[in-house]
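Novice: Residue numbers for the sequence shown follow numbering that gives the first Met the number 0, so the first one is 0 and each next one is one higher.
Just passing along the structure, written as structure tokens.
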Amino acid sequence: MIKLLYITNKTFGPGGLERVLSIKASYLADHLDYEVHIVTLDQEDEEMFYDFSPNIIHHDIVTSSNPIRFLRSYVKGLRKVVKEINPDVISVCDDGLKGFLVPLLIGKPCSMIYERHVSKNIEIKSVTPSLKSRMFTKLKFGLMNFGGKKYDHFVVLTNGNLKEWNFKNLKVIPNPLSFYPEGQSTLNNKKVLAVGKQSYQKGYDRLLQSWKLVTDTYPDWTLDIYGTINANERLDKIASDLKITEKINFYEPVRNIADKYQEASIYVMSSRYEGFGMVLTEAMAYGVPCVSFDCPHGPSDIISDKENGILIEKDNIEDFAEGIMFLIHNEEDRKRMGDKARNSVKRYLPESVVNEWDQLFVNLTRKN
0 MIKLLYITNK TFGPGGLERV LSIKASYLAD HLDYEVHIVT LDQEDEEMFY DFSPNIIHHD
60 IVTSSNPIRF LRSYVKGLRK VVKEINPDVI SVCDDGLKGF LVPLLIGKPC SMIYERHVSK
120 NIEIKSVTPS LKSRMFTKLK FGLMNFGGKK YDHFVVLTNG NLKEWNFKNL KVIPNPLSFY
180 PEGQSTLNNK KVLAVGKQSY QKGYDRLLQS WKLVTDTYPD WTLDIYGTIN ANERLDKIAS
240 DLKITEKINF YEPVRNIADK YQEASIYVMS SRYEGFGMVL TEAMAYGVPC VSFDCPHGPS
300 DIISDKENGI LIEKDNIEDF AEGIMFLIHN EEDRKRMGDK ARNSVKRYLP ESVVNEWDQL
360 FVNLTRKN
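Printed below as a string of structure tokens:
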């Protein structure tokens, strides 16, 4: 039995990292006979958003808001947990800077893997970052490059992500599917769906501009966006200025997001960048064709243009609208692409993806 320790931040959020961790860790514990431990930060008694196997052993480190005390309690807590467990492999799922530095903070008591769930582009917060912001980002990238080389393996999600790092220890393992339902969408509802928190990354400001063009031609269709609402993104105002308020709905995250995929006829992803784009594979599992910007990185790994979805040149708002309207107008193509989408994402089933992780863990333990 392999003892595996995941180091992360929190597991009660509705984000993609938390969802992926719940799937992988649970599959390893329930189906592949791993002793799986997860250590979190300041989670305390918060309820997990996603379902984690009861066979997983949870540890929590309580820290301080003071930066110096935080670092001290974080390092002390990690060392204590590692000593108690004596794991065969440690996998760090933390996209923040401290995640890169774990081998330096606690040493290397065993084989260690770093899992990168986002693109480097996540550091870009606006179209025109300030000089101070650019200098800070450059320093941060330097520390990331230094720390990333200390891991036995540095795992990214897509072939595009490989280009962001200059390491010898790089490996690609995609995200597993959250579900693969027996049924699929009828693609008859006049609903377009997007899922993800309101942020610069998700590009909903651009999506609304495209949606304005769509509603001018197809006023009977509705766009539903599910994700943590951020007033700073001012999406309500953008929708109001575009006069599309009645044609768009903003919702907070829901646990039954699978039901929303099944109700949709088209899925749209307007992101400026991604780490993978798990929402695409989830929608496709329900036979829903997707229209996505060909952003870095992920969509081009998942979507074959005009075969199982539509890829649009990044930032081209007009073509994005045209892609949506093509699927609205052409029901046969919509259903053809939806069927191919559903079939193509079988390669992301947990039994396939988690087996890749199993092989990686087994190979590492054999070397020790």
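Every residue, glycine too, gets a C-beta built ideally from N, C-alpha and C.
Compare the C-alpha of Ser-118 against each of Glu-306, Ser-270, Arg-346 and name the closest.
Specialist: It is Ser-270.
Novice: Quick check on the burial criterion: 16 or more other C-beta atoms within 10 angstroms. Buried or exposed for Glu-312?
Specialist: So Glu-312 counts as exposed.
Novice: Enumerated in chain order, which unbroken segments of the beta strand (DSSP E) with a length of 3 residues or greater are wholly contained in the segment 35-71?
Specialist: The segment 35-71 contains these whole beta strand (DSSP E) runs: 56-60.
Novice: How should Ile-67 be labelled, buried or exposed, when 16 other C-beta atoms within 10 angstroms of its C-beta is the threshold for buried?
Specialist: When all chains shown are included, Ile-67 counts as exposed.
Novice: Grab me the residues of Ile-172's own chain with a C-beta within less than 6 Å of its C-beta, minus the 5 sequence neighbours each way, in chain order.
Specialist: Only Val-154, Glu-355 meet the Cβ criterion.
Novice: Just checking my contact of Gly-274 with Leu-156 at CB under 8 Å: how many whole Å lie between their CB atoms?
Specialist: Yes, Gly-274 and Leu-156 are in contact; Cβ-Cβ is about 5 Å, under 8 Å.
Novice: Can you list, in chain order, the residues of its chain with a C-beta nearer than 8 Å to that of Pro-349? Leave out the 5 residues immediately preceding and following it.
Specialist: Counting only Cβ-Cβ distances below 8 Å, and skipping sequence neighbours, we find Ile-22, Lys-23, Tyr-26, Pro-175, Leu-176.
Novice: Using the C-alpha atoms, what's the distance from Val-290 back to Asp-304?
Specialist: C-alpha separation (whole angstroms): 9 Å.
Novice: Which of the three DSSP states, helix, strand or coil, is assigned to Glu-355?
Specialist: The answer is helix: DSSP assigns Glu-355 an H, G or I state.
Novice: Could you tell me which uninterrupted beta strand (DSSP E) segments, each at least 3 residues in length, are contained entirely in the segment 96-163, listed from first to last along the chain?
Specialist: Counting only runs of 3 or more, we get 110-114, 152-155.
Novice: Using the C-alpha atoms, what's the distance from Asp-318 back to Leu-207?
Specialist: Straight-line Cα distance between these residues: approximately 13 Å.
Novice: By the DSSP assignment, the alpha helix (DSSP H) with Asn-342 in it spans what residues?
Specialist: Segment 330-343, the alpha helix (DSSP H) holding Asn-342.
Novice: Would you kindly check if the distance between the Cβ of Gln-261 and the Cβ of Ser-209 is under 8 Å?
Specialist: In this structure, Gln-261 does not lie closer than 8 Å to Ser-209 by Cβ.
Novice: Given this structure, state the Cα-to-Cα distance separating Arg-365 from Val-91, to the nearest angstrom.
Specialist: Roughly 20 Å separates the two Cα atoms.
Novice: Does the segment 250-260 come close enough to the segment 158-168 that 3 or more CB-CB pairs lie under 8 Å?
Specialist: The segment 158-168 vs the segment 250-260: no contact.
Novice: Please specify which runs of the beta strand (DSSP E), each continuous and at least 3 residues long, are wholly inside the segment 194-268, giving them in chain order.
Specialist: Listed in chain order, the complete beta strand (DSSP E) runs (minimum 3 residues) inside the segment 194-268 are 221-225, 247-250, 265-268.
Novice: Give the C-beta separation of Leu-40 and Leu-96 to the nearest angstrom, bearing in mind that I take them to be a contact with Cβ-Cβ under 8 Å.
Specialist: At roughly 14 Å, the Cβ-Cβ gap does not stay under 8 Å, so Leu-40 and Leu-96 are not in contact.
Novice: Run the CB neighbour count on Ala-340, radius 10 Å, all protein chains shown included, and call it buried at 16 or more, exposed below.
Specialist: Burial call: buried.
Novice: Can you name, in chain order, every residue of its own chain whose Cβ lies under 6 Å from the Cβ of Tyr-266, other than the five neighbours on each side?
Specialist: The answer, listed in chain order, is Leu-192, Ala-282, Val-287, Cys-289.
Novice: Use the C-beta contact count for Ala-230: other C-beta atoms within 10 angstroms, 16 or more gives buried, fewer gives exposed.
Specialist: It is exposed - the Cβ of Ala-230 has fewer than 16 other Cβ atoms within 10 Å.
Novice: Per DSSP, what kind of secondary structure is Leu-27 in: helix, strand or coil?
Specialist: It is helical.
Novice: Following the continuous alpha helix (DSSP H) through Leu-176, name the residue where it begins and the one where it ends.
Specialist: Looking at the DSSP string, Leu-176 is not in any alpha helix (DSSP H), and its letter there is neither H nor E.
Novice: One question on the structure: do Leu-4 and Val-101 come within less than 8 Å of each other, judged by their Cβ atoms?
Specialist: Against a cut-off of 8 Å, the Cβ pair of Val-101 and Leu-4 comes out as no contact.
Novice: Report the rounded CA-to-CA distance for Thr-214 versus Asp-223, giving the unit in angstroms.
Specialist: Their Cα atoms are separated by approximately 13 Å.
Novice: Would you decide whether Thr-10 is buried or exposed? Buried here means 16 or more other CB atoms lie within 10 Å of its CB.
Specialist: Thr-10 comes out buried.
Novice: Check each candidate in His-116, Ile-112, Pro-218, Glu-83 and name the one with the smallest Cα separation from His-58.
Specialist: Checked all of His-116, Ile-112, Pro-218, Glu-83; the closest Cα to His-58 is Glu-83.
Novice: Measure from the alpha carbon of Gln-42 to the alpha carbon of each residue in Gly-202, Leu-212, Thr-62, then state which is nearest.
Specialist: When only C-alpha atoms are compared, the closest one is Thr-62.
Novice: Let's see if you can read the secondary structure: which residues bound the alpha helix (DSSP H) around Ser-291?
Specialist: Careful: Ser-291 lies outside any alpha helix (DSSP H), inside the beta strand (DSSP E) at 289-292.
Novice: Write down the C-beta distance between Gly-146 and Leu-103 rounded to the nearest angstrom, noting that I regard them as a contact closer than 8 Å.
Specialist: Sure, about 6 Å apart at Cβ, within 8 Å.
Novice: Straight-line CA distance for Phe-69 to Ile-228?
Specialist: One C-alpha to the other measures close to 29 Å.
Novice: Helix, strand or coil: how does DSSP classify Leu-348 here?
Specialist: Coil.
Novice: Kindly list the residues whose CB is nearer than 7 Å to the CB of Gln-200, restricted to its own chain and excluding five residues on each side of it in sequence; keep chain order.
Specialist: Result list for Gln-200: Ile-121, Ser-270, Arg-271, Tyr-272, in chain order.
Novice: Tell me Tyr-5's beta-bridge partners as DSSP assigns them.
Specialist: According to DSSP, Tyr-5 bridges with Ile-37, Ser-90.
Novice: Exposed or buried, what is Val-361 when buried is set at 16 or more other beta-carbons lying within 10 Å of its beta-carbon?
Specialist: Exposed, because fewer than 16 other Cβ atoms sit within 10 Å of the Cβ of Val-361.
Novice: Taking only the alpha-carbon atoms, compute the straight-line gap between Leu-326 and Lys-189 and give it to the nearest angstrom.
Specialist: Rounded to the nearest angstrom, the two C-alpha atoms are 11 Å apart.
Novice: For Ile-311, name the three-state secondary structure that DSSP assigns.
Specialist: DSSP places Ile-311 in strand when its eight states are reduced to three.
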